Structures are given as structure tokens and as C-alpha cells.
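Taking our numbering as reference, the numbering of the sequence shown is continuous, increasing by one, and the terminal residue is 239.
Built from N, CA and C at the ideal position, the CB exists for glycine as well.
Here the structure is a predicted model, which means the values were calculated and not measured.
Read the structure below first, then the notes.
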Amino acid sequence: MAKDLQISERSVRRIVSENLGLRSYRLQSCHALSEENKKTRVIRCRKLLERAAQGRHRSFIFSDEKLFTIEAVYNRQNDRIISPNIREANNSGRLVPKKAHSASVMVSAFVTSDGKSPLIFVDSGVKITGCGKNIDRLKRLYKSL
Numbered sequence: 095m096a097k098d099l100q101i102s103e104r105s106v107r108r109i110v111s112e113n114l115g116l117r118s119y120r121l122q123s124c125h126a127l128s129e130e131n132k133k134t135r136v137i138r139c140r141k142l143l144e145r146a147a148q149g150r151h152r153s154f155i156f157s158d159e160k161l162f163t164i165e166a167v168y169n170r171q172n173d174r175i176i177s178p179n180i181r182e183a184n185n186s187g188r189l190v191p192k193k194a195h196s197a198s199v200m201v202s203a204f205v206t207s208d209g210k211s212p213l214i215f216v217d218s219g220v221k222i223t224g225c226g227k228n229i230d231r232l233k234r235l236y237k238s239l
């Protein structure tokens, strides 16, 4: 745009921000929701609001789970090895191995109106089905509270 108008980039930025009152925003990824997904969300939200209006909100259980992978983390731009040649750099740790299926652990947590549960660790490779998973979690939760 600056080249087309034959003015400096700084002038274009100043005009856009100060005179026009616009800001620059980064692109951000989000969920690609279909119309069916949106309708399902609306239905579920209305059911939650009905339960809350009836005073059953104290029986809500909020849960979250996170999968932690055990693998070296590095930033290609910032993490550097200073070495006289590539061979010594490779020996000093320039090569960071990455596995397709690295070791991992899943952590689950629950929160209710009464308090929160201790963290539950699930080892990698353990297969848990949907219905059984929720029942087991609820049993552990109420024992811990």
C-alpha cells in the first residue's frame, strides 16, 4: 500500500491508526462449527440455564482434562547452538529428536460448588470408554470431596 501511494510505511501506519482509528489484528484459528453444531450448543445451553433456574446449579460438575507429552521443547528461532562447525553443533545437541508417538500422561480435574478434586493422572496407553470414564471419575470425585 505504501509503494502504491508513494509514501513511507510509517506514514501509512500512522494514518490507519491515528486518523482512521483502525487496528491491525493477527489471524486466529477457531472451531469450524456447522449449523448443526451451533444448534446443538444452543439446545445444551438452554438446558443448563433451565437447571440453574430450578436451583440445581449446585450439582454441576465442571471437568477438564489435558494431555501432556514428554518431549523436548525448543524454539527454532531462539534456541541456538554456538559452534565452529556443524559436526560439533550436532554433537552439542543441535539435533532434537521428535517421536511420532511420544510418552504422555493425561491429567483430569473436577470442580463443584463444594470444592475441587485432587488431580487424577491417567497413564498413557490406558483405554477409557466414554460412559465408564465419567462414572469412574464421579466416584473418585465424591470420595475426594
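Query	Result
Thr206 versus Arg170: straight-line alpha-carbon distance, rounded	41 Å
Among Phe204, Val110, Glu130, Leu189, the one whose alpha carbon lies nearest that of Ile175	Leu189
For Gly209, the nearest candidate out of Ser123, Ser153, Asp217 (CA to CA)	Ser153
CA-to-CA distance, Arg107 to Ser120, given in whole angstroms	According to the sequence provided, residue 120 is Arg. The question's Ser does not apply to it. Arg120 and Arg107: Cα-Cα distance of roughly 15 Å.
With 16 other Cβ atoms within 10 Å as the buried cut-off, status of Phe204	buried
Buried versus exposed call for Ser211 [16 or more other C-beta atoms within 10 Å across all chains shown]	buried
Expected contact under 8 Å - CB spacing of Ser196 and Ile164 to nearest Å	6 Å
Residues near Ala96 by beta carbon distance below 8 Å, same chain, minus five either side	Ser102, Glu103, Ser105, Val106
Boundaries of the alpha helix (DSSP H) in which Lys193 is found, first to last residue	Here Lys193 belongs to no alpha helix (DSSP H), and DSSP marks it neither H nor E.
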